[in-house]
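A.B. asks:
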Amino acid sequence: MTTKNQQQILLEQQQAQMLRVKNSGMINHVGSPLMNEDKDEEMTRSALAAFRAKEEEIEKRKAEVRRRFRRS
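Note that the UniProt record's numbering has the sequence shown beginning at 1, numbered continuously upward.
1) With a cut-off of 8 Å, do at least 3 Cβ pairs link the region 41-55 to the region 10-19?
2) Using a beta-carbon distance below 8 Å, is Ile9 in contact with chain D?
3) Please tell me whether Val21 and Ala63 are closer than 8 Å, where the distance is taken between their beta carbons.
4) Give the secondary structure of Asn28 by DSSP, where H, G and I count as helix, E and B as strand, and everything else as coil.
5) Go through its chain and collect everything with a Cβ distance to Gln6's Cβ below 6 Å, but skip five positions before and after it.
6) Once DSSP output is grouped into helix, strand and coil, what is the label at Ser72?
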């Protein structure tokens, strides 16, 4: 079914976004290694939270489509 393909594409896009965010922090931020690690960890948590929110949104949409389909 296309939902698995869509989920895979979304996962790949989000992983690419996480790498971009992480890499931009490494390029733009010059400081102590500990500060870089803290900033990297913070950005990773932020990207993970965004990923989970997007996943939750997808699950809600799927549930809504199922409800509509059952009513038809």
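Backbone N, C-alpha and C fix where the C-beta goes; we use that ideal spot for every residue, glycine too.
C.D. replies: From the atom records:
1) yes
2) Looking for chain D here will not work: only one protein chain is present.
3) no
4) Annotation note: pLDDT 49 at Asn28 (below 50); position unreliable, coordinate value reported separately. Note: Asn28 maps to helix in three-state DSSP.
5) none
6) coil
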